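Chains as they are written, first to last, in my numbering: chain A, 1 to 279; chain B, 1001 to 1279.
We put the beta carbon where it would ideally sit given N, CA and C, even for glycine.
The structure displayed is predicted, hence computed values, not measured ones.
Note sheet for the following structure.
There are 2 protein chains.
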Amino acid sequence: MRTTAENAELALLLEVAGTPKPGNVDRHREYPDLRFEHFLAGAVGTREGLRMAADGEPLGAAFLRAVSGMSEQSGGNTQFGAVLLQVPLVAAAGAAEHELTPGGATAAVEATTVADAADFYRAFEAVEVAVPDPPEGLEPLDVRRGSEAIPALESRELSLADVIERSTSVDGIAREWVGGFERTFDAAAAIEGGDGPVTDRAAAVFLDLLADEVDTFVAKRHDRETAERVRERAAAALEGSVDPETLAEEFVAEGINPGTTADIIAGGLFVALERGLDV
Amino acid sequence: MRTTAENAELALLLEVAGTPKPGNVDRHREYPDLRFEHFLAGAVGTREGLRMAADGEPLGAAFLRAVSGMSEQSGGNTQFGAVLLQVPLVAAAGAAEHELTPGGATAAVEATTVADAADFYRAFEAVEVAVPDPPEGLEPLDVRRGSEAIPALESRELSLADVIERSTSVDGIAREWVGGFERTFDAAAAIEGGDGPVTDRAAAVFLDLLADEVDTFVAKRHDRETAERVRERAAAALEGSVDPETLAEEFVAEGINPGTTADIIAGGLFVALERGLDV
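Okay, here's the thing in structure tokens:
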């Protein structure tokens, strides 16, 4: 039997291998500076941090370790969001007192501390992550300040859950953290309910999710209108009026990379593997 | 910095991701029952055994653990030969008294014991591996007997190196073990000397190796004539008279899977990563 950390790493690998996954790096498509091999190396590097989360070490330290390991490749940010989504799920799966359920994962979120928040900020020093400007008045808490923001966190006594909660309006991973990981567990059920190769199922559920809600990574990197157009094109692909392969070429050409949706698939794959999904 | 075990796992992942790699499962081609995802899960499962080898635990126990972990997927044998090639290299890289050189890896081979040989035989119980019938008189040592053959090993006082040496006439991995890992180190140098994505370099060196010597896995699964024809076709692809993509389709259609050549690439990628190859 694979360990919890092994399942989390495997989920990252299966996610990137699914194709077509319009706009994202997958087994058949890559960008010149962000390649399939960077995701392989990134996934390998996350394992030790994921093991820490499974073994009950603090979530922030586990996340920082996973992101540091992930960054040991030259493609930059490969799985920051996916790992952020995974760590409370991994902690819940690993803990004797929780279970891998929405309630168990939420309990792991709620147990986070100011020290976890500090390590989360430190993780932004390991890799460049696309984030929007903070709302007016919250500049001292800008994650891009990295560890320089830690005194501001400490004086306000913000836990990691508090920090993440402030991003729910702009970040789909933050919404999962505060909303019981609803889309993640739905994705897991959809993957479990499919048939055929796991990577094909993951790609199919990716398109479902992309058609269902705007991808917040696209909204951040481009704008809300682009993200809405991406959602509509994915819906058209689902209905059969656009070939998903054509859509994949189109999005890659435009540099549209729906990363948050991919992160949720990685979380869903992890949940499904923990619940016994055969590969 | 990645650990030695992380580099060994990453080498397995980079190897299977390289394309076109005529006849083998790669990023663009798979068999219905032996899929890309099986290789991802297999690689993840090897890590703990590879860690044992890097930490100086007995080579046989490390190999058995790696193969057991590798087998936790439904595709069957994915990386048995690659891991067999890797363990002495990993042991040499991890040991304070050796170095990752032909001499260091040979010292790790020569240090193997009868207990290592027993664990090697146990590994054949974890997964079905293609092996030829043993020579006349050596039936008691048939690896397919698994742990039942251990008393015969013990009474003859055969170390793992002794066992492997008996296969050099039919097995390219065995030849590496007894011959200072010559093709593996040559592959590492060729990968290091290339440019562009690492997976493309690995695929190019795969074709070079396949054109250079018959693949012993093809010779075992089919016959010597088929293996020689495969070598000639690979040489034609190298010279440009056959498109490697066409060759890949042709070999997959015939079920010709040059696994030993792939194993040597996985070994070469590991050596290159340990020597600082950037991904």
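Problem - Contacts that D1278 (chain B) makes with chain A (C-beta to C-beta distance below 9 Å) - result: Along the second sequence, one-based indexing puts residue 1278 (chain B) at 278. Neighbours of D1278 (chain B) across chain A, judged by C-beta separation under 9 Å: Q73, S74.
Practice task
Closer than 7 Å, Cβ to Cβ, to anything on chain A: give me those residues from the stretch 1169 to 1199 of chain B, in chain order.
Solution key: P1197, V1198, T1199
Handout entry: Residue-chain proximity (L1040 (chain B), chain A), Cβ-Cβ < 7 Å
Key = For the purposes of this step, residue 1040 (chain B) is taken as the residue at position 40 of the second sequence. Cβ-Cβ to chain A under 7 Å: yes for L1040 (chain B).
Exercise for the section: At 9 Å on the CB atoms, spell out the chain A contacts of F1036 (chain B), in chain order. Expected result: The count along the second sequence starts at 1 and reaches residue 1036 (chain B) at position 36. Those within 9 Å of F1036 (chain B) in chain A are A17, R27, P197, T199.
Practice task
Output yes if chain B places a C-beta closer than 7 Å to the C-beta of E6 (chain A); else output no.
Solution key: Position 6 of the first sequence, counted from the first residue, corresponds to residue 6 (chain A). True, the Cβ-Cβ gap to chain B drops below 7 Å.
Handout entry: Separation of E165 (chain A) from V1198 (chain B), as counted between CA atoms
Key = Working through the second sequence from its first residue, we reach residue 1198 (chain B) at position 198. Working through the first sequence from its first residue, we reach residue 165 (chain A) at position 165. Distance between the alpha carbons of V1198 (chain B) and E165 (chain A) is about 40 Å.
Problem - Within-7 Å CB hit, L50 (chain A) to chain B - result: If you number the first sequence from 1, residue 50 (chain A) lands on position 50. No, its Cβ sits nowhere closer than 7 Å to a Cβ of chain B.
Handout entry: Residue from B:R1175, B:T1019, B:T1046 with nearest C-alpha to R2 (chain A)
Key = Position 2 of the first sequence, counted from the first residue, corresponds to residue 2 (chain A). Closest by alpha carbon: B:T1046.
Practice task
Could you tell me if A1108 (chain B) is buried or exposed, where buried requires 16 or more neighbouring beta carbons within 10 angstroms of its beta carbon?
Solution key: On the second sequence, position 108 is the one that residue 1108 (chain B) refers to. Classification of A1108 (chain B): buried, given that the 10 Å Cβ count is 16 or more.
Handout entry: Residue-level contact to chain B via CB, V44 (chain A), 7 Å cutoff
Key = Counting from one through the first sequence, the residue named residue 44 (chain A) turns up at place 44. Interface residue, yes.
Practice task
Going by CA-CA distance only, name the one from B:A1115, B:V1252, B:L1209 that's closest to E1232 (chain B).
Solution key: Walking along the second sequence from the start, residue 1232 (chain B) turns up at place 232. Ranking B:A1115, B:V1252, B:L1209 by Cα distance to E1232 (chain B) puts B:L1209 first.
Problem - Best match in B:E1274, B:Y1121, B:T1226, B:L1277 for proximity to G1255 (chain B) [C-alpha to C-alpha] - result: As a first step, residue 1255 (chain B) is located in the second sequence; it is residue number 255 there, counting from the start. Ranked by Cα distance from G1255 (chain B), the first of B:E1274, B:Y1121, B:T1226, B:L1277 is B:T1226.
Practice task
Taking C-beta pairs closer than 7 Å, name the residues in chain B that L14 (chain A) reaches, listed in chain order.
Solution key: Counting from 1 along the first sequence, the entry for residue 14 (chain A) is found at position 14. The contacting residues are E1037, L1040.
Handout entry: Alpha-carbon spacing of I191 (chain A) relative to L34 (chain A), whole angstroms
Key = Numbered from 1 along the first sequence, position 191 holds the residue referred to as residue 191 (chain A). Numbered from 1 along the first sequence, position 34 holds the residue referred to as residue 34 (chain A). Cα to Cα, I191 (chain A) sits roughly 26 Å from L34 (chain A).
Exercise for the section: Please work out which residues of its chain come closer than 8 Å, Cβ to Cβ, to S1147 (chain B), disregarding the five sequence neighbours upstream and downstream, and give them in chain order. Expected result: In the second sequence, counting from the first residue as 1, residue 1147 (chain B) sits at position 147. Same-chain partners within the cutoff: A1118, Y1121, R1122, E1125.
Problem - D1133 (chain B) in three-state terms, based on DSSP - result: For the purposes of this step, residue 1133 (chain B) is taken as the residue at position 133 of the second sequence. Note: D1133 (chain B) maps to coil in three-state DSSP.
Exercise for the section: Flag this pair as touching only if the stretch 1007 to 1020 of chain B and the stretch 1201 to 1208 of chain B have three or more C-beta atom pairs under 8 Å; answer yes or no. Expected result: yes
Exercise for the section: Evaluate the contact criterion for the stretch 59 to 68 of chain A versus the stretch 237 to 254 of chain A: three or more CB pairs, one atom per stretch, below 8 Å. Expected result: no
Handout entry: Reduced DSSP secondary structure (H/G/I, E/B, other) of D1200 (chain B)
Key = The sequence position of residue 1200 (chain B) within the second sequence is 200, counting from 1. If DSSP states are grouped into helix, strand and coil, D1200 (chain B) belongs with the helices.
Exercise for the section: For L1010 (chain B), go through chain E and note every residue whose CB falls closer than 8 Å to its CB, in chain order. Expected result: Looking at the structure shown, chain E is missing, and the protein chains on hand are A and B.
Handout entry: Three-state class that DSSP yields for R1035 (chain B) in the structure shown
Key = In the second sequence, counting from the first residue as 1, residue 1035 (chain B) sits at position 35. DSSP places R1035 (chain B) in coil when its eight states are reduced to three.
Exercise for the section: Kindly list the residues whose CB is nearer than 7 Å to the CB of S1159 (chain B), restricted to its own chain and excluding five residues on each side of it in sequence; keep chain order. Expected result: Start at 1 with the first residue of the second sequence, and residue 1159 (chain B) comes out as number 159. These residues qualify, in order along the chain: T1112, T1113, V1114, D1116, A1117.
Handout entry: Residue interval of the alpha helix (DSSP H) (run including K1220 (chain B))
Key = Position 220 of the second sequence, counted from the first residue, corresponds to residue 1220 (chain B). 1216 to 1221 is the extent of the alpha helix (DSSP H) around K1220 (chain B).
Handout entry: Cβ shell of A161 (chain A) (< 8 Å), same chain only, five flanking positions each side left out
Key = Your numbering for residue 161 (chain A) matches position 161 in the first sequence. Taken in chain order, the residues that qualify are V109, E110, T112, W177, V178.
Practice task
Would you give the residue range spanned by the alpha helix (DSSP H) that I173 (chain A) belongs to?
Solution key: For the purposes of this step, residue 173 (chain A) is identified with residue 173 of the first sequence, where counting begins at 1. For I173 (chain A), the enclosing alpha helix (DSSP H) has its first and last residue at 172 to 178.
Practice task
Assign G1049 (chain B) to one of two classes, buried (16 or more other C-beta atoms within 10 Å of its C-beta) or exposed (fewer than that).
Solution key: Residue mapping note: residue 1049 (chain B) aligns to position 49 of the second sequence, counting from 1. Answer is buried; the Cβ neighbour count reaches 16.
Practice task
Output the distance between the C-alpha atoms of D55 (chain A) and P1151 (chain B), rounded to the nearest integer angstrom.
Solution key: Indexing the first sequence from 1 puts residue 55 (chain A) at position 55. Indexing the second sequence from 1 puts residue 1151 (chain B) at position 151. Cα-Cα distance, rounded: 40 Å.
Problem - Helix, strand or coil at D1280 (chain B) according to DSSP, with G and I counted as helix - result: Absent from the model: residue 1280 (chain B). The displayed extent of chain B is 1001 to 1279, so no value can be given.
Exercise for the section: Spell out the partners DSSP gives D1026 (chain B) in its beta bridges. Expected result: Numbered from its first residue, the second sequence carries residue 1026 (chain B) at position 26. According to DSSP, which records beta bridges pairwise, D1026 (chain B) is partnered with B:R1029.
Exercise for the section: Verify whether the separation of the beta carbon atoms of P102 (chain A) and F185 (chain A) is less than 7 Å. Expected result: Locating residue 102 (chain A) in the first sequence gives position 102, counting from the first residue. Locating residue 185 (chain A) in the first sequence gives position 185, counting from the first residue. Cβ distance < 7 Å, so P102 (chain A) and F185 (chain A) count as in contact.
Practice task
Kindly indicate which three-state DSSP category A95 (chain A) falls into: helix, strand or coil?
Solution key: The residue labelled residue 95 (chain A) in the question sits at position 95 within the first sequence. Three-state DSSP puts A95 (chain A) in coil, outside helix and strand.
Practice task
Determine the extent of the alpha helix (DSSP H) in which V284 (chain A) is found, giving its start and end residues.
Solution key: Within the shown structure, residues of chain A are numbered from 1 to 279, placing residue 284 (chain A) beyond reach of any answer.
Exercise for the section: Using a Cβ-Cβ cut-off of less than 7 Å, give me the residues of the stretch 1063 to 1097 of chain B that come near chain A, in sequence order. Expected result: E1072, Q1073, S1074
Exercise for the section: Give me the Cβ distance between L247 (chain A) and N7 (chain A), rounded to the nearest whole Å; I'm assuming they're in contact under 8 Å. Expected result: Translated into positions along the first sequence, residue 247 (chain A) becomes position 247. Translated into positions along the first sequence, residue 7 (chain A) becomes position 7. With 8 Å as the limit, L247 (chain A) and N7 (chain A) do not qualify as a contact, their Cβ atoms being about 30 Å apart.
Exercise for the section: Using a threshold of 7 Å, state whether the C-beta atoms of V218 (chain A) and E228 (chain A) are closer than that. Expected result: Position 218 of the first sequence, counted from the first residue, corresponds to residue 218 (chain A). Position 228 of the first sequence, counted from the first residue, corresponds to residue 228 (chain A). No, the pair does not count as a contact, with Cβ atoms beyond the cut-off.
Practice task
Check the Cβ-Cβ distances between R1275 (chain B) and every residue of chain A, and say whether any is below 7 Å.
Solution key: Along the second sequence, read from residue 1 onward, the residue named residue 1275 (chain B) stands at position 275. No, R1275 (chain B) does not count as interfacial toward chain A.
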